[in-house]
Structures are given as structure tokens and as C-alpha cells.
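Student: Could you have a look at this structure, given as C-alpha cells, before my questions?
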Amino acid sequence: MTKVDHTGRQFGRLTAIRKVIINNRGHYVCRCECGNERIIRGDSLVGGKSKSCGCLSPDVNQEVHKTHGDSATRLYNIYHKMISRCYHKENDRFHRYGQRGISICNEWLNDYESFKEWSLSNGYTDDLSIDRINNDGNYEPSNCRWTTVIVQSNNTSRTRKIEFNGEIKSISEWCRELNYSYGTTRKLLKQGHKTPDEIFTRPRLGKGYTGTR
């Protein structure tokens, strides 16, 4: 049976921009006539349950304006980019998120206010970034935290971790802690000539250290 793609169709005030698969179900990134964008399940669109981003309903009008009023804030920008890199194939970081199977929990995906409430209750400030504790896990309350850029960079899939003294940390973390040269340490490890134990038990690696006695 051929699956129908409703991209380009209009449903009430909503226009389906692109189709995305979330939890094995078809959803659509929709743009409302008011300018707001939401991700909505395909069956809700076709069945007539969703005809706008919410701006047509007096009962939710206040909440929608509150959400829409956040569109210029840093937190909303983080939220929007999080969705984009997980579900929009044209995003230049999609291969590191959506393509790897990283998704966003339904609680956040369809409700910015829920994401905002969690963020403010878990230490969000404008100098922090959202970080997934398990880098292979999804964006969800149990796997996310607000951290500094340094902590986040140490938790990326591209960061090489090494073991020393029974602990596993990134190269940069070990070098900061032990006051060693990051560039020289990384070079020695990359060349494969020295193990972490051999490197960190030698005299400190200064700019003139060559790796020989």
C-alpha cells in the first residue's frame, strides 16, 4: 500500500511543509497563517482535528500568544534548532542527530511550554547549553541537562576519551586537571607511541617537550 504524502496541502490555516517520521508515525512540519510553526501528526491533519497552531481556539489563545511571544528568545531558538537537527534532513547537522536516530520526546516535541517549564525548573540560564547526558540517547527530561559549553564539548561523540588512574575523561579534561600541554599530549596519543600512563607519569609536557628523554 502506497503511503500518502500530504506535503504542500493546506488544512485549515495550516500548510504542510515537509513530512517527518516520529516513533514510526507520519508527522508534518506545518506553518500556520499566523506565522507559527508546529509539528503535527498526519492523522490529526487529515481527520480535521488540527486546523491551526492553536490560535483559532479561545481556550488556548493565551498560551499560544505566550509561546509565540517567545519566538525571539534564546530558549525558543534552542528549542527550534533542536527540532531542526533531529527532523529536518536539510539541516547541516542532521547526520549527527536525526540520521543517528536521535529524537525528541513527545512531551517536548509538540509542546514548547513543556520544554520551557522543564528548562526553567532545571537551572536554565542564558549562558548554558542543552546537553544529552547519554550522547546516544534522545532529547528527554531524564537524559538532558543545562551545562557550560566546556562540559558539553567533553560529552560529544567526536570527543576522544582516555583512561588514566582508573578514570575515563576527555584528553582536554586530563590536560587541564594535570596541567599538561593539550597539543603535545594529543599528538603523542594520535601517533600511538605513548600510552596515557607513559605520558602523564613523565615530566609535564611543555611547549618544548618532544616525547623523548
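Count along the sequence shown starting at 1, add 552, and that's the number in this note's numbering.
Ideal Cβ positions, reconstructed from N, Cα and C, are used throughout, including at glycine.
All values reported here derive from a predicted model rather than from experimental measurement.
Considering only their Cβ atoms, is the gap separating Ile-591 from Met-634 smaller than 9 Å?
Tutor: No, the Cβ-Cβ distance between Met-634 and Ile-591 is not below 9 Å.
Student: So Cys-727 is in the alpha helix (DSSP H); what residue range does that whole segment cover?
Tutor: Per DSSP, Cys-727 belongs to the alpha helix (DSSP H) from 723-730.
Student: Could you check whether Cys-582 and Phe-563 sit closer than 9 Å to each other, using their CB atoms as the reference points?
Tutor: In this structure, Cys-582 lies closer than 9 Å to Phe-563 by Cβ.
Student: What is the C-beta distance between His-558 and Gly-594, in whole angstroms, given that I count them as a contact (C-beta under 8 Å)?
Tutor: About 6 Å; that satisfies the 8 Å criterion.
Student: Is the distance from the Cβ of Ile-714 to the Cβ of Trp-698 below 9 Å?
Tutor: Not closer than 9 Å, so no.
Student: Suppose the cutoff is 8 Å on Cβ atoms and the five residues either side in sequence are ignored; what does the same chain contact list for Arg-565 look like?
Tutor: So the qualifying residues of the chain are Cys-584, Glu-585, Cys-586, Lys-603, Ser-604, Cys-605, Cys-607 and Leu-608.
Student: Below 6 Å CB to CB, which residues in the same chain sit around Thr-567 once its five sequence neighbours on both sides are set aside?
Tutor: Same-chain partners within the cutoff: Arg-583.
Student: Please look up how many angstroms separate the CB atoms of Asp-749 and Phe-716, rounded, as I've assumed it's under 8 Å.
Tutor: About 7 Å separates the two Cβ atoms, so the contact holds.
Student: Cα separation between Lys-742 and Arg-648?
Tutor: Going by the C-alpha atoms only, they are around 23 Å apart.
Student: Who are the near neighbours of Glu-659 in its chain, counting only those whose CB is closer than 7 Å to its CB and skipping five residues on each side?
Tutor: For Glu-659, where only same-chain residues beyond five positions count, the Cβ hits under 7 Å are Ser-666.
Student: Looking at C-alpha atoms only, which residue of Thr-736, Leu-730 and Ser-655 is the closest neighbour of Asn-695?
Tutor: Here the closest residue by C-alpha is Ser-655.
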